[in-house]
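Numbering (the working numbering), first residue to last: 91 to 304.
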């Protein structure tokens with residue numbers, strides 16, 4: 091089980107949180123391959139923590155569907171199931187739409203300007219065919235809106251679903267399309283206009299069209 095040695099070190103965070111974040115990232119980007127067996131001793135040594143936070147992190151990753159743990163058998167990274175895109179994007183789209191609606195009375199002009207800057211960065215990445223960067227900036231764009239809704243339950247559910255979507259994007263090489271640039275711009279304007287109904291429709295469309303592309 092090859093493990094990188096040049097990963098970021100924990101900065102003012104718990105050993106469990108650091109281990110969870112790093113293991114999840116390795117699963118998402120393919121450093122830890124689907125169905126690969128995980129050795130908690132090796133992982134603990136690689137991350138510079140004890141086995142306890144590794145085990146706790148693996149349990150949390152199992153609850154989120156990233157690993158499979160069976161008594162008496164090896165802990166494995168979960169397989170990548172292509173058809174999961176049909177299960178992931180619809181609820182994520184609904185949550186993103188709800189977050190946008192809740193953000194309407196709370197979002198400030200400075201935040202809208204930040205969204206415009208993120209959309210500009212997103213467009214630049216797409217036109218430069220830097221698709222991994224585009225995916226990252228797209229997530230940042232939507233996360234700003236989720237955080238503006240100020241609902242920790244939506245935030246938590248979106249974070250988990252988004253991680254699975256990100257993993258599928260890495261494995262299936264899904265490329266975001268230029269129509270997302272226009273949709274982002276429309277979302278920003280609808281936030282300004284406080285048009286909740288149209289905003290929710292546009293936000294859902296921005297996520298659901300990826301199923302057709304997929």
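We put the CB at the ideal spot given by N, CA and C, even for glycine.
Cutoff 6 Å; reference residue i; Cβ partners in own chain excluding five residues on either side
| i | result |
| --- | --- |
| residue 173 | none |
| residue 105 | 139 and 143 |
| residue 258 | 175 |
Alpha-carbon to alpha-carbon, residue j and residue i
| i | j | result |
| --- | --- | --- |
| residue 255 | residue 140 | 30 Å |
| residue 301 | residue 193 | 26 Å |
| residue 306 | residue 236 | The question about residue 306 has no answer here: the residues shown for the chain are numbered 91 through 304. |
| residue 238 | residue 280 | 15 Å |
| residue 231 | residue 132 | 36 Å |
| residue 50 | residue 292 | The displayed coordinates of the chain run from 91 to 304. Any statement about residue 50 would go beyond what the structure contains. |
| residue 222 | residue 145 | 30 Å |
| residue 253 | residue 108 | 16 Å |
| residue 364 | residue 125 | The shown model of the chain, from 91 to 304, leaves out residue 364, and the question about it has no answer. |
| residue 286 | residue 162 | 52 Å |
| residue 214 | residue 267 | 12 Å |
| residue 122 | residue 114 | 9 Å |
| residue 100 | residue 110 | Bear in mind that a pLDDT of 44 at residue 100, under 50, signals an unreliable position, so the number given afterwards is only what the model happens to contain. Spanning the two alpha carbons is a distance of roughly 11 Å. |
| residue 73 | residue 269 | In this structure the chain extends from 91 to 304, so residue 73 is not present and cannot be described. |
| residue 130 | residue 261 | 25 Å |
| residue 177 | residue 198 | 33 Å |
| residue 200 | residue 290 | 21 Å |
| residue 247 | residue 240 | 13 Å |
| residue 196 | residue 227 | 22 Å |
| residue 251 | residue 225 | 15 Å |
| residue 191 | residue 299 | 20 Å |
Cβ shell of residue i (< 7 Å), same chain only, five flanking positions each side left out
| i | result |
| --- | --- |
| residue 157 | 128, 148, 151, 165, 166, 167 and 168 |
| residue 206 | 278 |
| residue 288 | 280 |
| residue 297 | 179, 182, 183 and 186 |
| residue 204 | 234 |
| residue 134 | 140, 141 and 144 |
Strand pairing of residue i, partner residues [DSSP]
| i | result |
| --- | --- |
| residue 158 | 166 |
| residue 128 | 165 |
Outcome for residue i when other beta-carbon atoms lying within 10 angstroms are tallied against a minimum of 16
| i | result |
| --- | --- |
| residue 283 | exposed |
| residue 265 | exposed |
| residue 119 | exposed |
| residue 217 | exposed |
| residue 102 | Legend: pLDDT at residue 102 = 42, less than 50; position of this residue unreliable, value from coordinates given subsequently. The residue is exposed, with fewer than 16 neighbouring Cβ atoms inside 10 Å. |
| residue 229 | buried |
Own chain, CB closer than 8 Å to residue i, minus 5 neighbours either side, in chain order
| i | result |
| --- | --- |
| residue 184 | 294 |
| residue 209 | 231, 271, 274, 275 and 278 |
Residue i CB to nearest heavy atom of the ligand NAD below 8 Å
| i | result |
| --- | --- |
| residue 225 | The ligand content of the structure shown is nil, which means the ligand NAD is not present either. |
Subject >> 4-residue-minimum alpha helix (DSSP H) runs that sit fully inside the stretch 199 to 229, ordered along the chain >> reply: 199 to 217
Subject >> Runs of alpha helix (DSSP H) wholly within the stretch 167 to 196 (minimum 4 residues, chain order) >> reply: 175 to 193
**OP:** Run through the stretch 229 to 269 for me and flag every whole alpha helix (DSSP H) of 4 or more residues, listed as ranges in chain order.
**Re:** 242 to 262
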